[in-house]
Amino acid sequence: MMLRTTMAALFHPTTKLYSLPLKAFVSHSLHKPLRLTRLTIRQSYPRAARTILSINTPRSLSSTTVPQILNDATSDFDLDNSYLSCSMPNSKRPLKIAVLLSGGVDSSVALRLLHAAGHSCTAFYLKIWFQEDFENFWSECPWEEDLKYAKAVCSQVDVALEVVHLTDEYWDKVVSYLIDEYKCGRTPNPDVLCNTRIKFGAFMDAISNMDFEFVASGHYAKVIHPLTDESNELSFLQLSKDMVKDQTYFLSYLSQAQLKRLVLP
Numbered sequence: 035m036m037l038r039t040t041m042a043a044l045f046h047p048t049t050k051l052y053s054l055p056l057k058a059f060v061s062h063s064l065h066k067p068l069r070l071t072r073l074t075i076r077q078s079y080p081r082a083a084r085t086i087l088s089i090n091t092p093r094s095l096s097s098t099t100v101p102q103i104l105n106d107a108t109s110d111f112d113l114d115n116s117y118l119s120c121s122m123p124n125s126k127r128p129l130k131i132a133v134l135l136s137g138g139v140d141s142s143v144a145l146r147l148l149h150a151a152g153h154s155c156t157a158f159y160l161k162i163w164f165q166e167d168f169e170n171f172w173s174e175c176p177w178e179e180d181l182k183y184a185k186a187v188c189s190q191v192d193v194a195l196e197v198v199h200l201t202d203e204y205w206d207k208v209v210s211y212l213i214d215e216y217k218c219g220r221t222p223n224p225d226v227l228c229n230t231r232i233k234f235g236a237f238m239d240a241i242s243n244m245d246f247e248f249v250a251s252g253h254y255a256k257v258i259h260p261l262t263d264e265s266n267e268l269s270f271l272q273l274s275k276d277m278v279k280d281q282t283y284f285l286s287y288l289s290q291a292q293l294k295r296l297v298l299p
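Take the sequence shown: its position 16, counting from 1, is numbered 50 in this note's numbering, and each next residue is one higher.
Dropping the structure here:
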């Protein structure tokens with residue numbers, strides 16, 4: 035979602051890099067991830083929470099309806115101790131955790147694990163789309179579809195969901211920086227910037243007075259915390275067990291203060 039937002043902003047008629055048209059600039063870039071031919075607006079939508087917990091072939095979903103998730107959808111889904119232990123930091127008590135929920139599979143599973151482990155969870159959906167500024171760029175609101183799925187996931191486990199508006203912060207701290215760097219011929223990674231400055235930056239600042247002990251997300255990585263809260267030891271970012279989906283690179287710029295509050299089930 036974050037990359038789609040960034041590229042939408044860059045391709046907007048009001049965004050200029052050089053006298054060279056932006057379309058030509060991107061197509062001539064030496065960096066393949068920025069080639070125009072590789073950029074597509076996602077037409078498929080996140081799988082419903084029900085498909086996370088089932089091995090059946092996912093049914094097709096309408097783009098105009100919220101998936102129907104039954105209350106007993108997880109009745110045959112056994113969360114054994116090995117799964118629950120990976121979702122818990124070194125604590126023997128329930129924790130108050132803010133869960134970043136995108137509406138996709140990974141963050142939905144993270145919420146499910148933490149909730150099943152007995153933690154007090156509140157889900158947060160980050161709205162960073164510039165929908166009002168780019169209303170002619172696409173016919174639908176991509177973030178609205180994601181939010182529908184996030185609401186459905188939270189409804190299933192009876193967890194509160196709050197929408198946090200970080201559009202201005204995203205523009206100031208990510209998009210503007212990318213534009214300046216592109217002007218200099220450099221291509222920074224927008225995912226790294228978003229994680230550092232928005233998801234675990236501006237968002238953590240926004241909830242700083244809400245007494246959350248940890249922030250959780252669905253990233254494929256591991257964070258090793260000290261054995262006790264009073265320890266002066268560092269928290270470490272480690273590779274995910276899934277080397278294909280590993281996302282430690284995108285979290286590699288997180289500060290020690292950010293890592294100490296991060297949980298990755």
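Just so you know, even glycine gets a beta-carbon here, dropped at the ideal spot from N, CA and C.
Practice item. Taking Leu160 and Val198 to be in contact with their CB atoms under 8 angstroms, please state how far apart those CB atoms are, rounded to whole angstroms. Key: 5 angstroms
Practice item. Please list, in chain order, all residues of the same chain as Ser269 whose beta carbon is under 8 angstroms from its beta carbon, the five residues on each side excluded. Key: Val257, Ile258, His259, Pro260, Gln290, Leu293, Lys294, Leu296
Check your understanding: Using the C-alpha atoms, what's the distance from Ala240 back to Gly138?
Key -> 23 angstroms
Point to revise | Supposed contact pair Leu135 and Ser142 - C-beta distance, whole angstroms, cut 8 angstroms | key: 7 angstroms
Practice item. Give, in chain order, every unbroken run of the alpha helix (DSSP H) that is at least 4 residues long and sits entirely within the stretch 137-213. Key: 139-150, 176-191, 201-204
Review point. Between the stretch 211-229 and the stretch 179-191, are three or more C-beta pairs nearer than 8 angstroms?
Key: no
Exercise for review: Kindly indicate which residue of Ser265, Leu285, Gly219 has the alpha-carbon position closest to the one of Ser274.
Suggested key: Leu285
Practice item. Would you check if the distance between the CB atom of Ala186 and the CB atom of Thr156 is smaller than 8 angstroms? Key: no
Exercise for review: Give the DSSP bridge partners of Lys217, in chain order.
Suggested key: Beta-bridge pairing links Lys217 to no other residue.
Review point. Any idea which residues DSSP pairs Gln272 with across the strands?
Key: Lys256
Exercise for review: Could you tell me whether the stretch 188-206 touches the stretch 244-256, using the rule of 3 or more Cβ pairs below 8 angstroms?
Suggested key: no
Exercise for review: Go ahead and label Glu203 buried or exposed: buried means 16 or more other beta carbons lie within 10 angstroms of its beta carbon, across all protein chains shown.
Suggested key: buried
Point to revise | DSSP three-state assignment for Lys130, whether helix, strand or coil | key: strand
Check your understanding: Using the beta-carbon count (16 or more within 10 Å), is Gly3 buried or exposed?
Key -> There is simply no residue 3 to check, as the chain begins at 35 and stops at 299 in what is shown.
**Study point:** Sheet register partners of Phe237 (DSSP bridge)
**Key:** Answer is none; Phe237 lacks a bridge partner.
Point to revise | Residue range of the unbroken alpha helix (DSSP H) whose run includes Val278 | key: First-last for Val278: undefined, no H or E at that position.
Check your understanding: For Thr230, which residues from the same chain have a beta carbon less than 7 angstroms from its beta carbon, with the 5 sequence-adjacent residues on both sides left out?
Key -> Tyr287, Leu288
Practice item. Go ahead and pull the three-state DSSP assignment for Leu296. Key: strand
Review point. How many angstroms separate the CA atom of Thr282 from the CA atom of Gln272?
Key: 7 angstroms
Review point. In three-state terms, what does DSSP make of Asp225?
Key: helix
Review point. Going by C-alpha distance, which of Cys188, Glu196, Ile232 is nearest Val209?
Key: Ile232
Practice item. Report the three-state DSSP secondary structure of Phe284 (helix, strand or coil). Key: helix
Check your understanding: Does the Cβ-Cβ distance between Glu196 and Phe237 come in under 8 angstroms?
Key -> no
**Study point:** Element boundaries [beta strand (DSSP E), containing Phe248]
**Key:** 248-250
Point to revise | Check whether Leu126 and Phe246 have beta carbons under 8 angstroms apart | key: What sits at residue 126 in the sequence shown is Lys, not Leu. In this structure, Phe246 does not lie closer than 8 angstroms to Lys126 by Cβ.
Review point. Helix or strand or just coil, what does DSSP make of Thr230?
Key: helix
Exercise for review: May I have the straight-line CA-CA distance separating Ile162 from Asn243, to the nearest angstrom?
Suggested key: 21 angstroms
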